Every structure is written in structure tokens, then in C-alpha cells.
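Novice: For the protein sequence lines, the chains are A and B, in the order given. Heads up, the first sequence stops at 196 in the numbering used here, and the numbers go up one at a time, no gaps. Heads up, the second sequence stops at 690 in the numbering used here, and the numbers go up one at a time, no gaps. Positions of the beta carbon are idealized from the N, C-alpha and C atoms, including for glycine. Since this is a predicted model, take the numbers as computed values, not measurements. Would you mind keeping the following structure in view while I ask a few things?
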Amino acid sequence: MKTTLIDSPVANVANIARALRVAGAELEVTRDVSTIASARKLVLPGVGSFVAATRWLTENKIDTAIRDAVNRGASLLGICVGHQLLFDSSTEMGATPGLGLVRGEVRQFDGILPVPQIGWNRVAARGPLFEGVESDVFYFVNSYAAMNAPDEIGRADYGGPFTAAVQRERVFGVQFHPEKSSSAGLRVLRNYIAWT
Amino acid sequence: MDVIPSLDLLDGQVVRLLHGDFASVTAYGDPETVLDSLNVPPRSRLHIVDLEASRSGRPVETAIVRRLASHGVRIQAGGGIRSLADARTWIDAGAEKVVIGTVAADAPEILQSIVNELGADRVIAAIDVRDGIVRVAGWERDATASLAEVLARVEGVGIGEVLITDISKDGAMRGPSFALYRSLNTKMRIIASGGVSTISDVVSLSRIDSIGACVIGRALLDGRIRLAEARARVATPNAIPERIIPCLDVRDGRVVKGVNFVDIRDAGDPVECAIRYETEGGDELVILDISATDANRSTALDVVRRVSESLFIPLTVGGGVRTIEDFRALLRAGADRVAINTAGIRDPQLIADCAREFGVQAVVLSCDAKRAGDHFEAMVRGGKESSGVDAVEWCRRAEELGAGEILLTSVDRDGTNSGYDIELLRAVTSIVKIGVIASGGAGNVDHFRDAIEAGGARAVLAASLFHDRRLSIGDVKQFLASEGIPVRSSGLVD
Chain A
1 MKTTLIDSPV
11 ANVANIARAL
21 RVAGAELEVT
31 RDVSTIASAR
41 KLVLPGVGSF
51 VAATRWLTEN
61 KIDTAIRDAV
71 NRGASLLGIC
81 VGHQLLFDSS
91 TEMGATPGLG
101 LVRGEVRQFD
111 GILPVPQIGW
121 NRVAARGPLF
131 EGVESDVFYF
141 VNSYAAMNAP
151 DEIGRADYGG
161 PFTAAVQRER
171 VFGVQFHPEK
181 SSSAGLRVLR
191 NYIAWT
Chain B
197 MDVIPSLDLL
207 DGQVVRLLHG
217 DFASVTAYGD
227 PETVLDSLNV
237 PPRSRLHIVD
247 LEASRSGRPV
257 ETAIVRRLAS
267 HGVRIQAGGG
277 IRSLADARTW
287 IDAGAEKVVI
297 GTVAADAPEI
307 LQSIVNELGA
317 DRVIAAIDVR
327 DGIVRVAGWE
337 RDATASLAEV
347 LARVEGVGIG
357 EVLITDISKD
367 GAMRGPSFAL
377 YRSLNTKMRI
387 IASGGVSTIS
397 DVVSLSRIDS
407 IGACVIGRAL
417 LDGRIRLAEA
427 RARVATPNAI
437 PERIIPCLDV
447 RDGRVVKGVN
457 FVDIRDAGDP
467 VECAIRYETE
477 GGDELVILDI
487 SATDANRSTA
497 LDVVRRVSES
507 LFIPLTVGGG
517 VRTIEDFRAL
527 LRAGADRVAI
537 NTAGIRDPQL
547 IADCAREFGV
557 QAVVLSCDAK
567 RAGDHFEAMV
577 RGGKESSGVD
587 AVEWCRRAEE
597 LGAGEILLTS
607 VDRDGTNSGY
617 DIELLRAVTS
627 IVKIGVIASG
637 GAGNVDHFRD
647 AIEAGGARAV
657 LAASLFHDRR
667 LSIGDVKQFL
677 ASEGIPVRSS
687 GLVD
């Protein structure tokens, strides 16, 4: 099955494309609305600002295309800010609505450790995405995260627990960067590609 | 590990003496006000030293102990306890435990009588050590028994907790004696004392198996450590792994390695090296372009492009970054983070501009520091030229400007294999909140541990050591794990 990587300008698309290919994906990279709406397996990347990423999605009607695809039975993997976009909302710049595909709110770390979190962190995870993963440590760069989300399948701690991965039916999200998490990250991508 | 605030009392006031000298007193006010300001929760343990009692041999501050104990604080009181009567005075005043020093080291029969009367669980033995020798009587003289003998005797009477202070370091903010604590052979729980001056010290102590608690005095009083933060950090000391970072010094498209920034020799192909390092478990790769003349700029970009295409760990690139456009070009070529060195010192605004444009996570300050008398100077042009800027102050300023991490290289140690400069590391890690990568001087596995444990580094970098295969990244990680320091398990080789 083809994997469709959404070509967001607010993302490190090249790195993720490379990792997906190494993980075995037959990859198409696109920002075409109809291609996205009819895709079977989607990847939504994102870095930086939730607000900027949301603006791009709505202005280009990518948000509707993603929802259409998921409603038709497509699977979806959000990565980093792409993961955050899956939630109901984020407190970045007041309250910005997200795609609402998984439940919960994304908030800034209010803990005691320096923000952003830059580095490796241990994730306690379960579910098909993490099957056979060699290491439970993944690479994060983030100032915001969902906390204790209802659809949480992976949890990490950065001055307090936060949601490192979610799954709601066919919609997955990972707060870390699988493309920078060495073999463990590649395994997560491979699991997503193989998942049906 | 428990974190126990420690208050020294003199004339009803909380004070500190530098090196135990009664002529050198800093006063902090009355004990209840101090406890409030430190946010010490009810039921917390509290370590009290009655300084006048340690001098006169008679308990003095019992009224204070009685007052504090009535608030629910669990007090361990010490200072000059020479007899069963002294010990009972403190317990009667409401102390949960007594801390016995000189008698524990020099008068085993009195220690035995105190334990018999009060119970071993109400007695903490306190041992002051200077250069491996037990000191007694307010640090005035050597004990008659050796450290090993004192430990064995104290353990023999059934005491479970021993407070060990390295008095050559106490109060001087030079860091705890990690080596001493690691070397002790005892089943008792150690309470570490002396030299704890940063959160990182507390975390490092909590990773040593035999340490059950640490007491903190001056660093709490001075606000360097917040009690709640310290307790939160030691609750999950192993969540965040420390990083091992192999470094490739690249010139004209080839990996090279020099000693003290000169005497360069060729050492291979960057892409091959990068792949090998990820396979061995490198947590990140640093490429420093040490040619960095304009003519070779495109060669460097090409190296970054080729390496990033084969790498699935974060890549930091530095060398010759002068403008925001240089920075952008490296990110576009595949770097995740870019290190700014000479240009940042000449134009600090560059750091702020890059942080705003690309995010603080992308900005690494690379600081080459060289000893100059009693301070460190920031060097420029590949460590060859003095900048006149104080290296430690420059690191503090760079954090303010928006650097996300500091790559701190000791020019003196680079290529010498004699160990990282712990003093330099502590000088910087004690004043910045952002992470510091230790660089320059790695020669064996102990050096990596020391940089993290004593230096407070959040990552440790080495180049020639890994390149010449004198050590593998796996060797280093295995050793660190055995020392209780959390690392990411070695990726692809597992």
C-alpha cells in the first residue's frame, strides 16, 4: 500500500520522507487536496508553531481532505507538531482548534525543566506502533505536549508526565521525531507502514 | 534519595561557617523564618547542627529544636554530642534522631551505650573526612581509627545511617566528593554531605546506589537549589538519558584530528564514520568544519548533505558560521542544529537573530575556553586567538540571547586524553539552565562519568578517542550504565 506524506511547508518533510523510504514505504509526497482525500495511509509531519501549521492546513483545505480520508478508512500518523494537530485544541496563542481526531488539549510544559525539551527521553508505550521496538528511548524537540490524553498509548516524563504517543482507532500520533530516533524510530515507522 | 535541608545554628540564628571557622560567619536569620522561606514541607527531615555545642560540648539550641519539632519537622540534631546524657537531651527536646560524630570515631563504648539506650534507629553516625583521614573534635585533630575501621565499628553496633562529609570541600561549592562515596564499602545508607551546590550534584548523588540521602545547607540558603525542584528531579533520576556524542572534525571533505587544535592528520571519510557511530550507539553527531574558508564552504555543505542522508540521529554542524544565511544553508543541507562560535563573540546579535528565525533548539553556542590565570577566556578562530571575553560570562550571555545548548571545549585539554576540565564545566553548568556538552580531553571511561557526574554536563563529546577505536561508544555507555548513569541502549548493534 502506498504511503502519502503531506508536503507541509511547516515541516522537515525531506528528513521524514527519507526515513519512511528506508523503513520500506512506497512513498508519495503531495499537497494536492484530492490526492490526500483519497489516500489510504497518511503521514502528517510538522515542526515549529501549531498556529502556523493549522493556518496552512485550513487555508489550503488540507484539514478537510485529511478528515475525508480518515472517514473513508484511511490511517493517519502525525509526527511532532503533526501529532499535536490531531488533538482538539492547543493553548498556543490562546486556544487554537486542532483537527479533533484524538481527544485532549495540547499545552506548554509548565514544569521545572528548561523549555524546549531537546533530547532523548524514555517512553513507556504499548500498541502496534511500538511492537518489537529495540529501545524505549526517542528523540524529542518540543515546548508543548498533550498531558494525560484519553487516547494515550505512550507516556514520557519531562518535569511531569506527558503524552508521547496516541492512538484512536486508525489515527496515530507521536510527539517524538522517529526520523531522528535511530533504529527505534525507524521501527515505529516500519510498524505504521505495515499496519492494516 | 531523600534531600534533607541542613541548618547550622549559633546564638539562635541560622549561620554558615566557611571551613568551620567561627571567625568567618554568614548569618541567615531565625530558623522558623528560614524554614518558611525554603518552603520546607511538614514531615520533612531537617538536619540541625548546634555549632556552640560542637565547640563547648554541651547542647545549647534545644529550645529551637523543641519549637521546630512541634511543627512536625523530623529533626536529626547534632553538634558535640559526647555522652548519653547529651544525646538524651536532644531526644527529649523532640529530635527524631541524634547525629553522633567524634564519639562514633573515637569512643566506641560511649557510642554503644547511646545505641543501647536510644535504639540504633535513632542514631546517625557522622564521619568527617579530610583526604581519606577521619577528623574529630570540630575537625581539630585526626581520629585514632581509620575510615574503614570507623565504618566497620559503626555498622557493628547496628547503626543503619552514616553521614559522611568531606570537609576539604564543605561550603566551598566545589561539588560533592563523588569518588569518596563510590569508594566506600558499607551496607549502611550513606547521607552525603558537603559541597552540594547545583541540582546536577543532587541528581548525580542520587545515582550512587549506597547513598540514601543528601543534606544541603548553603546552596539552599543562597537559592542555588530549590528544595522542591531537587526532590522532583531525584524522583525520576533515570528518565532522561545522558548523551554520548561522537565528533567529526572535517577539513576539505575529509575527517581529520589535531592535538590542541594544531598538528592535523587525516582520519577518513565522513559518511563512513557517521554510519559507524550511529551503529555503535552515538546519540547525536557533531561535525565541525575546521577549514571553513570561503573556498571550501560548498565542500562542507556537501559533506553535511551526504552525512545527513545516511543518518537517523540528530546532526549538529559548526565551523565558520558567520551570518544567518550560513546558518540557513547548513539547516537546508540537513543539519538539525548549528553551532555558532567566533561570529557570535564578534556579533552576539547573530545568536538572537538565529534563535528567533530558526528556534532556540537549532542554536548551539560553541565556546572554546582556555585557562588564563584564575579564569577562562573564550578563544576564537579555531581556538588559536584570544577574544578578551570571559568564557563563563559569555556562556551565560549566550543563554540569555537564545542559545539552546552550549558546546564547551577546553582548548587546554583538547587532544590530551587527560580528562575533561571539570572546573570549567562546573563554572558554566552552575550558572546556566540550558544543557552543556563537555568537549576536550576524553581519554578513558572515567572521564565521561566525571564530566556528567561532577561536571554537570548533559552530554559528552569525543573525537579521536572513538575514531582511533581506543574506546567504542558502546564501551562508554556500558560503563556509565554500570555506574548508575542512564544512557540510551546502543541502537543498531543490540
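Relative to the C-alpha of Gly185/A, which candidate in Val171/A, Ala165/A, Thr196/A has its C-alpha closest?
Specialist: Within the first sequence, residue 185/A is the residue found at index 185, counting from 1. Selected option, being the one with the closest Cα: Ala165/A.
Novice: For Leu113/A, which of helix, strand or coil comes out of DSSP?
Specialist: As a working note, residue 113/A is residue 113 in the first sequence. Coil.
Novice: Restricting to runs no shorter than 3 residues, where is the beta strand (DSSP E) found entirely within the stretch 57-145 of chain A?
Specialist: Qualifying beta strand (DSSP E) stretches, in chain order: 75-79, 105-108, 117-122, 137-142.
Novice: Determine whether the Cβ of Ile16/A lies closer than 8 Å to any Cβ atom of chain B.
Specialist: As a first step, residue 16/A must be located in the first sequence, where it is residue number 16. Closer than 8 Å: no.
Novice: With a 10 Å radius around its C-beta and 16 neighbouring C-beta atoms as the bar for buried, classify Phe572/B as buried or exposed.
Specialist: Your numbering for residue 572/B matches position 376 in the second sequence. So Phe572/B ends up on the buried side.
Novice: Tyr192/A versus chain B: which residues are under 9 Å apart at the beta carbon?
Specialist: Counted from its first residue, the first sequence places residue 192/A at position 192. Within chain B, no residue comes near Tyr192/A; the closest Cβ sits about 15 Å away, beyond 9 Å.
Novice: Report the residue from Ser266/B, Pro227/B, Asp207/B, Ala273/B whose alpha carbon sits nearest the alpha carbon of Phe218/B.
Specialist: Translated into the one-based positions of the second sequence, residue 218/B becomes position 22. It is Asp207/B.
Novice: Alpha carbon to alpha carbon, how far is Val221/B from Leu214/B? Give it in angstroms, no decimals.
Specialist: Sequence index remark: in the second sequence, residue 214/B carries index 18 (1-based). Sequence index remark: in the second sequence, residue 221/B carries index 25 (1-based). Approximately 7 Å between the Cα atoms of the pair.
Novice: Please report the distance separating the alpha-carbon of Ile16/A from that of Gly73/A.
Specialist: For the purposes of this step, residue 16/A is identified with residue 16 of the first sequence, where counting begins at 1. For the purposes of this step, residue 73/A is identified with residue 73 of the first sequence, where counting begins at 1. Their Cα atoms are separated by approximately 23 Å.
Novice: Just the chain A side, please: which residues come within less than 9 Å of Ile630/B by C-beta, in chain order?
Specialist: Within the second sequence, residue 630/B is the residue found at index 434, counting from 1. Going along chain A in sequence order, the residues near Ile630/B (Cβ under 9 Å) are Pro114, Ile118.
Novice: Is the shortest distance between the beta-carbon of Tyr144/A and the beta-carbons of chain B less than 8 Å?
Specialist: Here residue 144/A corresponds to residue number 144 of the first sequence, with the count starting at 1. Tyr144/A does not count as touching chain B.
Novice: Verify whether the separation of the beta carbon atoms of Ile36/A and Leu27/A is less than 8 Å.
Specialist: On the first sequence, residue 36/A is found 36 positions in, with the first residue counted as 1. On the first sequence, residue 27/A is found 27 positions in, with the first residue counted as 1. Not in contact: Ile36/A and Leu27/A (Cβ atoms no closer than 8 Å).
Novice: Quick check: is the beta carbon of Asp7/A nearer than 8 Å to any beta carbon in chain B?
Specialist: The residue labelled residue 7/A in the question sits at position 7 within the first sequence. Not an interface residue.
Novice: Alpha carbon to alpha carbon, what distance is there between Pro304/B and Arg284/B?
Specialist: Numbered from its first residue, the second sequence carries residue 284/B at position 88. Numbered from its first residue, the second sequence carries residue 304/B at position 108. When rounded, the distance between both Cα atoms is 17 Å.
Novice: Buried or exposed, going by whether 16 or more other CB atoms sit within 10 Å of the CB of Asn148/A?
Specialist: Counting from one through the first sequence, the residue named residue 148/A turns up at place 148. With fewer than 16 other Cβ atoms within 10 Å, it is exposed.
Novice: Quick check on the burial criterion: 16 or more other C-beta atoms within 10 angstroms. Buried or exposed for Thr625/B?
Specialist: Position 429 of the second sequence, counted from the first residue, corresponds to residue 625/B. With 16 or more other Cβ atoms within 10 Å, it is buried.
Novice: Would Phe138/A and Trp120/A qualify as a contact pair, given that the criterion is a beta-carbon distance under 8 Å?
Specialist: Within the first sequence, the letter at position 138 stands for residue 138/A. Within the first sequence, the letter at position 120 stands for residue 120/A. Cβ atoms of Phe138/A and Trp120/A: closer than 8 Å.
Novice: Leaving out five residues on either side along the sequence, give the residues of the same chain with a beta carbon under 6 Å from the beta carbon of Pro437/B.
Specialist: In the second sequence, residue 437/B corresponds to position 241, counting from 1. Cβ within range, chain order: Pro682, Val683, Arg684.
Novice: Are three or more beta carbon pairs between the stretch 468-478 of chain B and the stretch 413-431 of chain B nearer than 8 Å?
Specialist: No: fewer than three Cβ pairs fall under 8 Å.
Novice: Chain B partners of Ala19/A, CB-CB under 7 Å?
Specialist: By one-based count along the first sequence, residue 19/A stands at place 19. Chain B residues near Ala19/A: Phe508.
Novice: At which residues does the beta strand (DSSP E) containing His243/B begin and terminate?
Specialist: Translated into the one-based positions of the second sequence, residue 243/B becomes position 47. Per DSSP, His243/B belongs to the beta strand (DSSP E) from 241-246.
Novice: Quick check on this structure: which residue in Pro255/B, Gly275/B, Gly611/B, Tyr616/B has the alpha carbon closest to the alpha carbon of Val656/B?
Specialist: Along the second sequence, one-based indexing puts residue 656/B at 460. Minimum Cα distance to Val656/B is reached at Tyr616/B.
Novice: Taking Lys41/A as part of the beta strand (DSSP E), name the residues at either end of that continuous run.
Specialist: Taking the first residue of the first sequence as position 1, residue 41/A is located at position 41. Unbroken beta strand (DSSP E) run through Lys41/A: 41-44.
Novice: Use the C-beta contact count for Leu293/B: other C-beta atoms within 10 angstroms, 16 or more gives buried, fewer gives exposed.
Specialist: Looking up residue 293/B in the second sequence gives position 97. For the sequence presented, residue 293/B should be read as Lys rather than Leu. It counts as buried.
Novice: For Glu92/A, count the other beta carbons within 10 Å of its own beta carbon; 16 or more makes it buried, fewer makes it exposed. Which is it?
Specialist: As a position in the first sequence, residue 92/A is number 92, starting the count at 1. Result: buried.
Novice: Beta-carbon separation of Ile79/A and Gly100/A under 8 Å?
Specialist: In the first sequence, the residue the question calls residue 79/A occupies position 79. In the first sequence, the residue the question calls residue 100/A occupies position 100. It is not a contact, given that the beta carbons lie outside the stated cut-off.
Novice: Can you find a CB in chain B that lies within less than 8 Å of the CB of Val13/A?
Specialist: Taking the first residue of the first sequence as 1, we reach residue 13/A at position 13. It does not: the Cβ of Val13/A has no partner Cβ on chain B nearer than 8 Å.
Novice: Measure the alpha-carbon distance for Cys443/B versus Val330/B and round it to whole angstroms.
Specialist: Taking the first residue of the second sequence as position 1, residue 443/B is located at position 247. Taking the first residue of the second sequence as position 1, residue 330/B is located at position 134. Spanning the two alpha carbons is a distance of roughly 44 Å.
Novice: Please name the residue or residues paired with Leu5/A in a DSSP beta bridge.
Specialist: Numbered from 1 along the first sequence, position 5 holds the residue referred to as residue 5/A. Looking at the DSSP assignment, Leu5/A forms a beta bridge with Val29/A, Val43/A.
Novice: With 16 other CB atoms within 10 Å as the buried threshold, where does Lys566/B fall?
Specialist: As a first step, residue 566/B is located in the second sequence; it is residue number 370 there, counting from the start. By the 10 Å Cβ count, Lys566/B comes out buried.
Novice: In this structure, how does DSSP classify Asp671/B when only helix, strand and coil are distinguished?
Specialist: For the purposes of this step, residue 671/B is identified with residue 475 of the second sequence, where counting begins at 1. DSSP places Asp671/B in helix when its eight states are reduced to three.
Novice: With a cut-off of 8 Å, does the C-beta of Glu26/A fall near any C-beta of chain B?
Specialist: Within the first sequence, the letter at position 26 stands for residue 26/A. Output row for Glu26/A: interface = no.
Novice: Just to confirm the assignment, what range does the beta strand (DSSP E) spanning His215/B have?
Specialist: Position 19 of the second sequence holds residue 215/B. That residue, His215/B, is in no beta strand (DSSP E); it is neither H nor E in DSSP.
Novice: What does a CB cutoff of less than 6 Å around Glu649/B pick up in its chain, not counting 5 residues either side in sequence?
Specialist: The residue you call residue 649/B lines up with position 453 of the second sequence. Contacts found: Phe374, Ser400.
Novice: When burial is assigned at 16 or more other CB atoms within 10 Å of the CB, is Gln167/A buried or exposed?
Specialist: For this step, residue 167/A is matched to residue 167 along the first sequence. Looking at its Cβ environment, which holds 16 or more other Cβ atoms inside 10 Å, Gln167/A is buried.
Novice: According to DSSP, what are the bridge partners of Pro161/A?
Specialist: On the first sequence, position 161 is the one that residue 161/A refers to. Looking at the DSSP assignment, Pro161/A forms a beta bridge with Asp157/A.
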